[in-house]
Amino acid sequence: MKNVLFAASECTPFIKTGGLADVIGSLPQALKAGNHAHVQVILPLYEAIPEEYKKELSHVATFQVPVGWRNQQAHLLKLEHDAITYYFIANDYYFARGGTYGYHDDGERFIFFSRAIIEAFPYLEVAVDILHCHDWQTGLAVAFAKTIPPTPNLQTVFTIHNIQYQGYMPHTAFGDLISIPIEHFPGFEWQGMINCMKAGLFHADKITTVSPSYAEEIKQPYYSEGLHPILHERDADIVGVINGIDTNEYNPMKDPHIEVPFKTSRKKKQENKTLLQEELGLDVDADKPLFVAISRLVEQKGFHLLEHIMEDFLQEDVQVIILGTGDQAFEHSFSYFAGKYPRKMATILRFSEAMARKLYASADFFLMPSKFEPCGLSQLISLQYKTVPIVRETGGLKDTVTPFNQDTGEGNGFSFANYNAHELLHTMHYALSIYHDSKQWKQLLKNVNKSQFSWKDSASSYADIYRSLI
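Each residue of the sequence shown is one higher than the last, beginning at 3 in our numbering.
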């Protein structure tokens, strides 16, 4: 069994801003459960990490981390949680501030973190065979592992969760902050800038991303955010592995946020729907088709399309609920529609995990018409709650949602190919027609009930990648 160190900028239950945290929280557990690998995890110690975890930390070591011409002090702390060892890099200058990202010196902060990962190797309780880094914040840790290797024969894996965020810095950062010989500069530079994601892609032994379709898409200029040339160079080393979800956490039989637990019962699911309708002031009718969206309100998630067709779609005998925050224009637009059709639509401009679970448990359809989507977790959660996803055929959405075919009876959702509002509207109308055909709807729900996306298969795929490296 190989010893793997996961390096990432966030992880549930300690700190979360998006799906990356869910992956880092769940995948090590799945690798351990399948006896695939021994996994340790290393993270920054942010101020926002809850005190209940901070008070359990034990001090392991204090050491110096070179950041350009300076030495910064790092404290290595350790916590055992759910039989996984988590290490935290503490430095008040970089991490004792609110939130996680969005600071002017984020580049320097994660250069420090990446170098600190390498400097921490002598103090880890289990020697590391494979360093597995995630997204741009740890891309430089892969590069450091190859240019100043902390142990002989260390292998590296770099996972792209979202290629849109790459960690750009001026090229002067190489001399000012990175502290390695100048001959390594080409492995860090991209289009006149230091690019942390490029550094990870250039130096990693294996590259993974979070769905097979996204692994192919990012080789195209439209999706690659400019990195397609290096991805073509590394084509033989890129593998797409679909994410899973924690099926214990997302379980409508055990979810504390919903009123009526259920497994596959439509009657119990409809009881959740009527309770939600009452709560939000919608017409109370268990048979009325309910469409929901739970997301950041940004164009990447397809809200430009949804905004364009909302007036037309609300002429149907349907209900729509949108939960989330984001671009002000979308917030205003969907609030306007909710005000105009108060018995048909609700717009909730906040994020609430409890409300999100109620929506998953109550809805008939889940809307996710994304412009691009590396993997997507929401469509997987909706299937867990027996809610039918309507998605655009991109990235992980294409890999996890099979369009329903009324002739063959196959498929677990609905999808459309082009990023086009009329295609979305047509697909939503088709979904409505299936909803009102009891025989077809029953078959579709049967397929939904069979859809499983636990971490078990994904963990096995990562184990194969690790074995290929040793």
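Even for Gly, the Cβ is constructed at its ideal location relative to N, Cα and C. Just so it is clear, the structure is predicted and the values come from calculations on it, not from any experiment.
Span of the alpha helix (DSSP H), counted from its first residue to its last, around His-431: Counting along the chain, the alpha helix (DSSP H) containing His-431 begins and ends at 423-437.
Range covered by the alpha helix (DSSP H) that runs through Leu-81: In the DSSP assignment, Leu-81 falls outside any alpha helix (DSSP H) and lies within the beta strand (DSSP E) extending over 72-83.
Three-state class that DSSP yields for Cys-198 in the structure shown: Here Cys-198 sits in helix by DSSP.
Beta-carbon proximity of Tyr-125 to Ala-76, cut-off 8 Å: Contact: no.
Bridge partners - Thr-327, DSSP secondary structure assignment: Partner(s): none; Thr-327 has no beta bridge.
Contact check, Ile-86 vs Val-41, beta carbons under 8 Å: Taking 8 Å as the Cβ cut-off, Ile-86 and Val-41 qualify as a contacting pair.
Nearest-angstrom Cβ-Cβ length linking Gly-202 and Val-130, presumed shorter than 8 Å: Not a contact, Cβ separation roughly 17 Å.
Start and end residues, alpha helix (DSSP H) containing Ala-23: Counted as a single uninterrupted DSSP element, the alpha helix (DSSP H) harbouring Ala-23 occupies residues 21-35.
Collapsed DSSP secondary structure at Leu-379 in the structure displayed: Leu-379 falls in the coil class under three-state DSSP.
For Asn-274, the first and last residue of its enclosing beta strand (DSSP E): First-last for Asn-274: 268-282, but that is the alpha helix (DSSP H), not the beta strand (DSSP E).
Contacting residues, own chain, Cβ-Cβ under 7 Å from Ala-288 (five flanking each side not counted): Cβ neighbours of Ala-288 beyond the five flanking positions: Gln-272, Lys-275, Thr-276.
At least three beta-carbon pairs within less than 8 Å, the segment 223-232 to the segment 258-265: With a cut-off of 8 Å on Cβ pairs, the segment 223-232 is not in contact with the segment 258-265, counting fewer than three such pairs.
Cα-Cα separation, Ile-119 to Phe-8: Distance from the CA atom of Ile-119 to the CA atom of Phe-8, rounded to whole angstroms, is 10 Å.
Close beta carbons around Asn-451, own chain, < 7 Å, minus the five adjacent residues each side: The beta carbon of Asn-451 sits closer than 7 Å to those of Thr-266, Lys-388, all from its chain and outside the five residues before and after it, given in chain order.
Member of Glu-309, Gly-104, Asp-319, Leu-22 whose CA lies at the smallest distance from the CA of Val-286: When only C-alpha atoms are compared, the closest one is Asp-319.
Anticipated Cβ contact below 8 Å, Val-212 with Pro-376, distance rounded: Taking the Cβ atoms as the reference, Val-212 lies roughly 5 Å from Pro-376, within the contact range of under 8 Å.
Euclidean distance between Cα positions of Ile-17 and Gln-442: Roughly 43 Å between the two C-alpha positions.
Status (buried if at least 16 other CB within 10 Å, exposed otherwise) for Val-6: Label assigned to Val-6: buried.
One or two residues paired with Thr-87 in a DSSP bridge: Answer by DSSP bridge pairing, in chain order: Gln-42, Glu-82.
Top-ranked residue by Cα proximity to Phe-123, from Ile-44, His-61, Phe-190, Glu-281: It is Ile-44 whose Cα lies nearest to the Cα of Phe-123.
N- and C-terminal bounds of the alpha helix (DSSP H) containing Ile-467: Counted as a single uninterrupted DSSP element, the alpha helix (DSSP H) harbouring Ile-467 occupies residues 457-471.
Member of Pro-15, Met-171, Leu-379 whose CA lies at the smallest distance from the CA of Pro-52: Checking every option, the nearest Cα to that of Pro-52 belongs to Pro-15.
Beta-bridge partners of Phe-187, as assigned by DSSP: According to DSSP, which records beta bridges pairwise, Phe-187 is partnered with nothing at all.
Reduced DSSP category for Thr-396 - H, G, I as helix; E, B as strand; rest coil: For Thr-396, the three-state secondary structure derived from DSSP is coil.
Nearest candidate by alpha-carbon position, reference Gly-101, set Ala-35, Phe-65, Gly-20, Phe-305: Cα-wise, what sits closest to Gly-101 is Gly-20.
Glu-412 in three-state terms, based on DSSP: Secondary structure of Glu-412 (DSSP, three-state): strand.
Nearest residue (CA-CA) to Glu-49, options Gln-157, Ala-98, His-38: Glu-49 has its Cα closest to that of Ala-98, out of Gln-157, Ala-98, His-38.
Bridge partner(s) assigned by DSSP for Trp-192: Within the DSSP bridge table, the entry for Trp-192 names Met-195 as partners.
Residue of Leu-399, Lys-373, Arg-394 minimising C-alpha distance to Leu-382: The residue with the shortest Cα to Cα distance from Leu-382 is Leu-399.
Asn-245 beta carbon less than 8 Å from that of Leu-379: Their beta carbons are under 8 Å apart, which means Leu-379 touches Asn-245 by this criterion.
CA nearest to the CA of Gly-326, picked from Met-312, Ser-297, Ser-456, Tyr-95: Residue Ser-297 is the option with its Cα nearest to Gly-326.
Pairwise C-alpha distance: His-438 and Ile-323: A direct Cα-Cα distance of roughly 20 Å separates Ile-323 from His-438.
Contact set for Gln-222: own chain, Cβ-Cβ below 8 Å, skip 5 residues either direction: Answer for Gln-222: His-230, listed in chain order.
For Ser-28 and Trp-370, the rounded distance between their alpha carbons: With the sequence shown as reference, residue 370 is identified as Met, and Trp is not the correct amino acid for it. Cα to Cα, Met-370 sits roughly 23 Å from Ser-28.
Distance between Ile-209 and Ala-461 (C-alpha atoms, nearest Å): Per the coordinates, the alpha-carbon of Ala-461 lies some 15 Å from the alpha-carbon of Ile-209.
Whole-angstrom distance between Cys-135 and Gln-157, CA atom to CA atom: When rounded, the distance between both Cα atoms is 11 Å.
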